[in-house]
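What the sequence shown shows, in UniProt numbering, is residues 1 to 427, in sequence order. The beta-carbon is built from N, C-alpha and C at its ideal position, and this holds for glycine as well. The next block holds one structure in the form of structure tokens; read it before the comments.
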Amino acid sequence: MYKVWRRLLPKHHFGSDIIESLTRMIFILGLFFLFMIIWINGCLNRLNEEIMQLEKISRHVLILQKAFIDQVTARQSYHLTGDAAFLQSFESSSSDYIQSVRELQNAVTAYPEFLEPIRKLVEAGMHWQDKYGSLEALKNGKTLTTGELLEGKTIADDFRNRSMEISRMLHAKQSEVSKAYTSGITKMLYTSIAVCALVIGLVVTDVVQKLRRIIRPIKELSSAVEGYARQKFDVPVPSLKKNDELGKLFDHIEHMRLMLREHFEQSRRQVYLDGLTGIGNRRYFDESLDLAFERATSEGEAFSLILMDIDRFKWFNDTYGHAEGDRLLRHVTGIVQRMLPDHMVFARYGGEEFAVIVPGLDMNETMIVAEMLRSEVERQALDSYRITASFGISSLRKGDTAEALLVRADQALYASKKNGRNCVSAR
């Protein structure tokens, strides 16, 4: 039945484990309620049967009591009037009494606590019949003495008292049985409520845990996507090992992230990198200079700038062609790149001019770096071409701006050119 029910549910994978938990809960509760209804119905049926049996015993006791009273009344009436009609009433009541005794004895077998009281009741009635209720004695006109009448009255009173006591016992038994079944049903209802609460609590706990397992990666995904909106594509999409719609969504977003990262890197390279040399272009240099200058001034660190220009590049380009000129630019770029540490920014400033951002070094230290670069460029010729470069240096002063620093470096470079090229000047 449970499998049939599951086939009727939607075929979506997302949330299927939650739907399955809820379905299982409904199925278990449905079976439990069905069992509870059947059990309560059985209790009510047994209660009804037992009450009816007790009422049957009570009815026979009343019939027995009535038959006995009718006998006593008929005997007294005949004794006073001599009317034969009372003999017929006496005979009918005696027959009813004997029949009621048989039925009462059959009905009471299921209740041992009533066997002895009813036996004594029947014996009292039979004793009265044997001694004072003989039909032949009545017909023959036998009279009773005052003592016998008093004794008969005592026996009759005892019979009535016993029958009334049995009626009270039967009523008490009915109340006891009703209370017992009512208590059982009440306990069953409380148990049902407790079981339902337990099942619902377990299922809710399970569903909450499953929801957390879904919500947690969604929150992480939301945070990651916010980073993607700020062009931070290095954070991968959270791993979600689920083969459902949500898992596929995460996979698609991860694929989209990789594509966006690649596209962004390509765009960044186009915007910030020089297509010929592969190093940063003028835009990249300007933005890097602003950031590095702001950091140096805020932290009070030393900061310098190097401008470099390949000597006689225009003549070389005009003489040997643009292809050789491009090859020369790449050659010089490679020399400088290999010598500079990663924390220094090396960019093409324009044409045959390059710039180096030197954080953390003062004028003298930067002069050493520039001289090493100049010497290495001169040492590493391109084929048979002798190459030299001129350098201009400026270092951070109090109250400086990035523009002022750049102007002084350019002036120093101009001084190197004016002083015969292939040298390092500072301002």
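Residue i, DSSP secondary structure in three states
i, result
"Leu150", "helix"
"Thr321", "The question names Thr, but residue 321 is Gly in the sequence shown. Note: Gly321 maps to coil in three-state DSSP."
"Arg386", "coil"
"Asp83", "coil"
"Pro217", "helix"
"Pro112", "helix"
"Phe233", "coil"
"Ala381", "coil"
"Glu353", "strand"
"Arg348", "strand"
"Ile69", "helix"
"Ile193", "helix"
"Ser239", "coil"
"Glu20", "helix"
"Trp5", "For Trp5, the predicted structure reports a pLDDT of 49, less than 50, and the residue's modelled location is therefore unreliable. A value from the coordinates is still provided. Here Trp5 sits in helix by DSSP."
"Leu273", "strand"
"Gly125", "helix"
"Gly392", "strand"
"residue 510", "Here the chain has residues from 1 to 427 only, and residue 510 is not among them."
"Gly278", "coil"
Length of the line joining the Cα atoms of residue i and residue j
i, j, result
"Val177", "Tyr97", "29 Å"
"Asp400", "Gln411", "15 Å"
"Gly201", "Tyr181", "30 Å"
"Ala426", "Glu265", "37 Å"
"Asn45", "Glu245", "53 Å"
"Tyr111", "Met169", "11 Å"
"Trp315", "Gly325", "10 Å"
"Arg257", "Ser394", "43 Å"
"Gly300", "Pro238", "41 Å"
"Gln209", "Val203", "10 Å"
"Val424", "Ser390", "6 Å"
"Ser267", "Arg230", "15 Å"
"Val235", "Asn364", "42 Å"
"Tyr382", "Ile310", "Checking the sequence, you will find Leu at residue 382 rather than Tyr. In a straight line, the C-alpha of Leu382 is about 13 Å away from that of Ile310."
"Thr186", "His171", "22 Å"
"Ser304", "Thr366", "7 Å"
"Arg312", "Arg379", "17 Å"
"Gln99", "Glu50", "23 Å"
"Ile335", "Val369", "13 Å"
"Thr154", "Arg162", "12 Å"
"Arg59", "Ser93", "16 Å"
"Val72", "Met188", "51 Å"
"Phe215", "Ser21", "Reading the sequence as shown, one finds Ile at residue 215 and not Phe. About 17 Å."
"Arg327", "Lys398", "41 Å"
"Leu396", "Val332", "27 Å"
"Ile306", "Gln270", "25 Å"
"Ala302", "Leu329", "30 Å"
"Tyr414", "His263", "40 Å"
"Asp362", "Phe233", "36 Å"
"Leu291", "Phe285", "10 Å"
"residue 456", "His343", "In the structure as shown, the chain begins at 1 and stops at 427. Residue 456 is therefore absent and cannot be evaluated."
Buried versus exposed call for residue i [16 or more other C-beta atoms within 10 Å across all chains shown]
i, result
"Thr388", "exposed"
"Tyr190", "exposed"
"Ser298", "exposed"
"Arg119", "exposed"
"Ala347", "buried"
"Leu373", "buried"
"Ile57", "buried"
"Phe250", "buried"
"Ala355", "buried"
"Gly227", "exposed"
"Val407", "exposed"
"Met308", "buried"
"Gly392", "buried"
"Gly31", "It should be noted that the sequence gives Leu, not Gly, for residue 31. Leu31 comes out exposed."
"Phe293", "buried"
"Trp5", "Residue confidence is low: Trp5 scores 49 on pLDDT, short of 50, so the model does not pin down where it sits. No coordinate-derived value is stated."
"Pro217", "buried"
Proximal residues to residue i (C-beta, below 6 Å), its chain only, five neighbours per side dropped
i, result
"Asn419", "none"
"Lys417", "Ser390"
"Asp274", "Asn281, Arg348"
"Val345", "Ser288, Ile357"
Neighbourhood of residue i by C-beta distance below 8 Å, restricted to the same chain and skipping five residues each side
i, result
"Gly125", "Leu64, Phe68, Tyr97, Val101, Phe159"
"Ile166", "Val61, Phe114, Pro117, Ile118, Leu121"
"Leu47", "Val177, Ser178, Tyr181"
"Phe33", "Ser192"
"Gly350", "Arg282"
"Val195", "Phe32"
Same chain, Cβ closer than 7 Å to residue i, five either side skipped, listed in chain order
i, result
"Glu254", "Pro236, Val237"
"Asn317", "Gly325"
Interface flag, residue i vs chain D, CB-CB below 7 Å
i, result
"Ala381", "Among the chains of the structure shown, chain D does not appear; only one protein chain is present."
Could I get the ranges of all uninterrupted beta strand (DSSP E) runs contained in the region 284-342, with 3 residues as the minimum, in chain order? 303-310
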